[in-house]
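Chains as they are written, first to last, in our numbering: chain C, 33 to 460; chain P, 33 to 460; chain Y, 33 to 460; chain E, 33 to 460. Even glycine gets a Cβ: it sits at the ideal position worked out from N, Cα and C. To keep things clear, I will list the structure first and then write my remarks on it.
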């Protein structure tokens with residue numbers, strides 16, 4: 033669970049004294065917040081102790097801004113793996129800068145942080161309403177991406193040289209840390225560059241953020257694979273459909289996919305350890321009773337069952353053992369040893385899921401995230417991300433956001449609903 | 033806007049003394065709530081005045097229940113127009129009653145409240161895990177539906193005669209009032225029948241409930257029509273695509289559809305009046321500038337522009353003038369008078385949208401709503417609905433839920449985002 | 033039925049003496065044909081009479097061509113209503129001209145034949161591989177369209193002035209006649225302009241052509257509406273789903289949609305007259321027996337039941353009475369008079385269907401049609417269309433193609449299969 | 033290529049003397065045929081030599097039938113891997129037997145040929161209009177399937193004991209040979225059992241049959257994977273999307289998928305050998321020029337490049353080396369050796385594709401195939417399949433159908449269109 037008193041203080045580059053060029057929208061006041069907790073007892077505890085209960089600043093357009101729009105130059109960069117909705121966010125940022133604030137010079141850095149380092153030779157794209165026309169209907173990122181960090185000094189040199197005032201970074205954990213390092217270096221040099229992050233994690237594992245863009249599309253897109261695996265499992269004797277879904281450390285996709293595809297019989301996630309013997313036993317029991325089974329496994333589940341590799345990928349993430357292949361082989365072996373015919377079909381739809389265009393809801397969500405990131409940046413706020421909490425769009429310090437990872441709580445309502453839907457034992 | 037101190041007190045049939053047959057799930061305590069407000073100032077005001085800030089009871093399984101499962105008989109009824117997800121809810125109720133509590137006798141009343149009145153001759157269906165297999169993948173309601181209310185006495189007679197302990201009603205505003213009347217009559221007679229509502233309104237217009245099932249699917253399904261209207265508009269000289277969407281009194285579908293399909297140039301909703309002259313002027317201006325336009329109108333928008341009919345449909349709702357046909361004709365007339373060629377294509381996708389199966393997210397949502405309705409009913413709670421507020425599933429008295437209608441706030445963030453996305457003037 | 037001895041002779045601008053720039057493809061010889069008939073008896077009759085059985089010339093790349101690619105300028109025009117696949121054809125033509133033949137100057141005339149008449153002021157677009165990138169994934173026509181014919185002299189003036197060598201027209205019956213008139217005027221003036229048509233009729237009503245592009249997508253896209261109408265019909269007491277599909281004079285879409293959506297109970301097409309009384313009687317009988325019914329009606333069906341309007345649209349087509357609205361009102365009236373509750377939902381998905389992008393199969397089909405049109409044009413063939421017959425791509429004189437309309441044969445296998453699938457009486 | 037004079041003679045159990053119970057359909061005469069060839073020269077050669085040009089018998093209902101419907105019992109069996117449309121065919125057979133002929137007893141044998149062998153203990157299902165309701169909207173086979181053959185004597189014993197008059201087998205090459213063996217044994221024993229095959233091969237590799245059911249759905253379903261692979265390839269530096277599609281010996285799916293998804297840059301099929309060095313060279317050239325590439329490989333392509341395993345699966349098919357994994361590894365190795373960054377994403381969508389429900393067109397096609405199989409069986413025809421040739425539904429002897437495999441002709445129009453669309457060299 034999140035800790036009880038996180039730091040929600042947002043930093044800024046300085047006072048906002050320039051009137052917003054648009055005047056007929058409902059502005060958000062700087063004193064508007066949403067309470068972090070919704071439990072009266074906790075709030076009363078804070079008040080009784082003479083402390084302010086933790087609150088998050090509401091996102092939205094402000095009446096006074098920091099940057100002079102006509103002089104402003106902005107940059108956007110997309111890092112890490114692709115995720116549904118990236119192009120929606122890019123487009124929204126460009127349109128909001130242009131039509132809401134009149135900012136005309138927006139640059140798209142290509143291939144992630146590499147695009148901020150001149151020696152890679154990736155020329156930035158000029159982004160205009162025309163050049164982003166229709167891109168929200170296409171998966172992936174028109175800016176392309178790369179994994180891994182780059183030298184912070186070199187990146188800030190580029191921003192400084194290009195006179196970038198707002199840098200919007202779209203990326204995951206590592207990217208947010210990189211954005212934070214950039215914001216720190218900017219501060220150290222006394223530059224006027226706001227760094228705003230839009231968290232991109234298809235796994236939905238950012239703390240203090242209810243949901244990240246792309247997650248809902250991912251859950252939606254699991255339907256094809258789970259349908260197929262179910263059809264395959266029921267179309268053969270003792271059929272087993274095994275589907276590996278995304279979720280390195282957090283099983284939200286697997287859990288919600290299980291609720292959204294209630295044919296699933298077993299859902300395995302990183303947060304809930306299991307033994308191989310225990311799982312194989314209940315699987316065998318189900319097969320002998322019903323003749324087929326549908327298993328969903330998050331890619332980070334059951335890591336403790338495999339030998340560790342300790343390798344890391346280009347983003348610095350620990351390379352996980354492939355639990356899908358592992359389970360596929362163990363299940364086959366198990367039934368072979370038992371002398372029982374068993375027909376397993378294994379599906380790994382990760383690339384197909386993450387390259388889809390955003391669903392309707394994610395499209396709307398990305399539109400709003402892009403607008404709120406621009407509004408925040410225009411006020412000179414920096415080192416923060418935009419997110420959503422208890423139904424409100426909010427500002428959150430990057431350091432707080434990356435201080436821990438959001439996970440499925442084994443004792444919470446989500447996992448309870450999964451257990452109830454699958455009927456799988458709480459312990460296996 | 034919702035009022036500041038609504039009544040969230042839930043009624044019950046009596047004390048719960050029977051232990052839940054399932055024991056290894058995380059139970060919800062009766063003291064667990066979510067604060068209605070998330071604004072510290074308002075909460076402090078309550079506390080300073082020595083009052084309890086308004087809170088909603090959390091939904092979920094309880095350790096002690098009211099009904100003895102082995103003796104319990106339950107009923108489900110679906111009323112009003114169809115909506116994506118009804119079958120998901122029915123299935124979830126049946127599965128939760130059977131597998132979580134061991135309740136075996138569940139009846140589906142056919143054709144809405146008519147099914148509770150013997151003289152219509154609609155025999156109730158016995159609902160079992162087998163008979164609800166796969167129904168969540170089909171649109172509509174396997175129980176079918178009807179509009180309008182029936183005699184409360186006759187309905188309670190039926191429930192009493194059939195020894196129904198929990199009645200779950202799936203329906204909108206009118207249905208909820210009917211459910212309330214049943215609960216009142218049950219109380220008057222001193223019967224032991226819990227009445228639990230699951231609000232079904234594709235318009236998402238129930239107050240104190242963040243979102244109702246089917247709404248997200250509806251927004252998703254608007255994409256086809258809006259895409260088509262846009263293609264038609266851009267494929268002809270001075271093309272206008274006009275799409276009428278659902279929304280009798282609340283423009284949530286139209287507003288979210290506009291955010292999810294950001295090609296929309298004008299969004300007209302019941303909450304924001306406009307003049308015909310004003311609208312035609314900005315439309316003409318856009319056409320002369322860009323050569324095409326995409327207009328979304330909620331069915332309840334612009335009612336003041338048409339002569340009222342005062343007629344009511346079978347559910348007792350005021351029959352609205354058809355604003356889609358009205359605008360189609362007025363726009364054509366306007367350009368004809370101007371002597372300007374204009375090609376308008378009008379699309380009304382309402383039936384297609386509401387008959388779709390639930391989206392992935394709505395499917396998961398319906399699964400949870402069904403489970404929470406059962407959990408609430410098992411404790412003898414009555415006259416209440418299950419809903420969601422600030423990310424938590426909650427109980428809400430029906431009377432509070434139907435006390436006012438939820439609408440898009442013209443000064444709120446949603447409408448601001450719509451204006452920002454369309455670029456339409458705030459006043460026309 | 034088609035007549036037994038149609039004229040399949042193709043005209044040309046002159047001898048082909050220029051070698052094809054591409055040499056390693058399997059060329060088609062000018063003597064390669066496909067027999068029009070596949071019935072031995074008919075062929076033997078021709079041979080016995082000392083006559084050549086009618087044959088169609090095979091389409092495909094030729095070893096020798098008429099135009100010098102480096103000097104060639106081509107034009108494309110799209111006329112009439114939109115249809116899935118138009119953009120696929122445009123793209124295919126541009127890519128084949130560029131990559132197969134090295135033709136660099138391709139112009140897209142805008143807004144149909146208007147684009148060939150200077151006083152409308154529609155500047156032609158320069159079409160390049162870059163400008164057609166991704167257009168096949170979008171519905172409609174990037175060139176936009178208009179209905180109606182224009183002055184042939186003015187159009188040929190434009191082609192002559194722009195030095196167009198090949199004009200590719202994408203359109204229906206009227207467009208093909210227009211293309212024919214252009215080809216005739218070109219011949220009269222002794223110009224070197226090849227006019228090649230690609231028939232665009234979503235109704236699939238061109239004789240001597242097995243299938244036209246967009247038709248299969250249209251049948252595919254009927255599924256949503258028919259599904260919805262079925263769900264609505266089964267979700268209410270005595271529910272009737274009524275869906276009007278395209279088909280002005282030929283019921284192919286309605287017939288195939290009935291086979292592809294076998295829940296349909298009644299299929300009404302222009303080729304098979306029915307009486308209102310007869311239809312209402314069998315509908316009522318079905319409703320009383322099953323409680324619901326699904327009716328598909330082609331827009332041109334039952335015209336004889338309505339008063340004729342004799343009006344014509346901009347393309348010169350007779351304005352049909354709206355049989356969907358007519359049937360909707362008559363059915364409602366009928367049951368009202370009978371005093372029987374009946375719930376009818378009427379869906380008219382025409383705009384939604386025709387604006388969709390091409391299905392996979394139509395996409396491949398359009399790619400081929402575009403290539404074959406280019407191959408034909410490069411040899412100086414003119415006044416012809418490309419089509420498909422008995423599984424082969426062929427050339428067909430426009431005059432032969434428009435000499436009659438293809439219709440569903442009431443005594444043929446297709447209508448027999450429809451009757452068998454619906455169980456509707458052959459006569460009503 | 034098919035040989036010039038195949039044997040199209042159909043066998044039968046005896047004379048047809050029973051009038052068809054349905055009388056108002058257009059019956060097909062036994063003398064109605066479609067010519068195998070459509071090339072006049074070949075036909076003239078036959079006639080000049082005093083021989084009959086080869087012709088296929090038209091499928092369809094006959095006026096006189098062999099079996100007495102009221103006494104008839106029929107069986108259906110589905111074998112081998114699943115394929116879109118199987119359930120459509122099952123449903124069509126059941127509905128046609130019941131509603132067209134009045135046959136009430138139809139049995140579904142479970143798990144392929146195993147279901148005909150009592151010791152497996154698979155009880156046959158009674159198939160009725162009710163039990164097949166809605167199954168056409170579900171992928172897979174409600175009868176489930178198994179691979180491999182069974183003892184012909186045991187199977188005929190079962191048919192004889194159950195008094196089956198018509199056995200309809202839905203399966204591929206191996207299944208058809210099994211059906212043939214059953215028909216032979218039936219003849220040897222002098223039984224009155226008609227064996228009718230409906231060819232099920234998603235690869236579309238049956239000779240003398242233009243297209244098999246499921247093939248078009250498969251091509252349609254390739255779109256998701258090819259879209260994803262393209263998005264992944266363009267979203268990273270030097271991105272390569274590699275998609276393995278079905279096609280053990282015939283590359284039709286890969287070839288049509290290439291035409292239907294014209295972003296494909298390389299299409300590799302079993303019929304066109306290539307060298308690894310040649311392919312890697314052109315791939316590298318493309319990557320260096322464009323920065324990304326999309327590669328489609330049929331599972332049977334490039335087998336000669338891998339060491340043979342000689343293993344066979346349960347159906348007796350040679351186990352192919354996994355060319356997808358092979359190419360993935362070789363490509364990675366190649367670029368690693370070159371020291372060039374390259375990001376390859378590999379997708380194998382086979383299970384997802386084959387488990388989908390039938391597309392609209394395949395649904396209609398399956399409906400017709402089921403009806404024609406029943407019509408053929410009712411006349412006592414046996415040892416034959418139903419198929420389609422030159423736009424007509426036909427009867428074909430199983431022995432002729434399995435006498436060779438249909439393949440993509442490297443010198444034909446399909447491969448030419450693929451080369452033209454991809455721009456890949458004819459030889460690599």
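For residue 110 of chain Y, the uninterrupted beta strand (DSSP E) segment begins and ends at 105-110. Residue environment for residue 173 of chain P: buried (at least 16 other C-beta atoms within 10 angstroms of its C-beta). For the set Y/309, Y/193 and Y/41, the Cα lying nearest the Cα of residue 413 of chain Y is the one of Y/41. Checking the DSSP bridge columns, you'll see residue 445 of chain E has no partner listed. The contact set of residue 266 of chain C on chain P, defined by CB atoms closer than 8 Å, is empty, because the minimum CB distance reaches about 11 Å. Residue 324 of chain E is bridged by DSSP to E/271. Below the 7 Å Cβ cutoff, chain E contributes no neighbours of residue 141 of chain C, its closest Cβ being approximately 14 Å away. For residue 173 of chain C, a Cβ of chain E is located within less than 8 Å of the residue's own Cβ. By the beta-carbon neighbour count (other beta carbons within 10 angstroms, threshold 16), residue 444 of chain P is exposed. Taking every protein chain shown into account, the CB of residue 361 of chain Y has fewer than 16 other CB atoms within 10 angstroms, so this residue is exposed. Residue 385 of chain C sits in a helix when the DSSP states are folded into three classes.
Residues of the stretch 268-289 of chain C with a C-beta less than 9 Å from any C-beta of chain P: 288 and 289, listed in chain order. Here the stretch 81-92 of chain P makes no contact with the stretch 182-202 of chain P; the two share fewer than three CB pairs at distances below 8 Å. No Cβ of chain Y is located within less than 8 Å of the beta carbon of residue 108 of chain P. Chain-ordered listing is empty here: chain E has no CB closer than 9 Å to the CB of residue 307 of chain Y, the nearest sitting near 18 Å.
Between the beta-carbon of residue 315 of chain P and that of residue 363 of chain P there is about 7 Å, and that keeps the pair under the 8 Å contact cut. At least one beta carbon of chain P lies nearer than 8 Å to the beta carbon of residue 260 of chain Y.
Unbroken beta strand (DSSP E) stretches of 3 residues or longer found wholly inside the stretch 282-321 of chain P: 298-300, given in chain order.
Here residue 377 of chain P is buried, its C-beta having at least 16 other C-beta atoms within 10 Å. Bounds of any beta strand (DSSP E) do not take in residue 68 of chain P, whose DSSP letter is neither H nor E. The continuous stretches of beta strand (DSSP E) do not include residue 262 of chain E, which lies in the alpha helix (DSSP H) extending over residues 247-266. Under the 8 Å criterion on CB atoms, residue 72 of chain C is classed as interfacial with respect to chain P. Taking a beta-carbon distance threshold of 8 Å, residue 263 of chain E counts as an interface residue toward chain C. Remark: C-beta atoms of residue 227 of chain Y and residue 241 of chain Y do not approach each other more closely than 8 Å. Going by DSSP, residue 194 of chain E is part of no alpha helix (DSSP H) at all; its letter is neither H nor E.
The beta carbon of residue 257 of chain C sits closer than 8 Å to some beta carbon of chain E. With a threshold of 8 Å between beta carbons, residue 384 of chain E makes contact with chain C.
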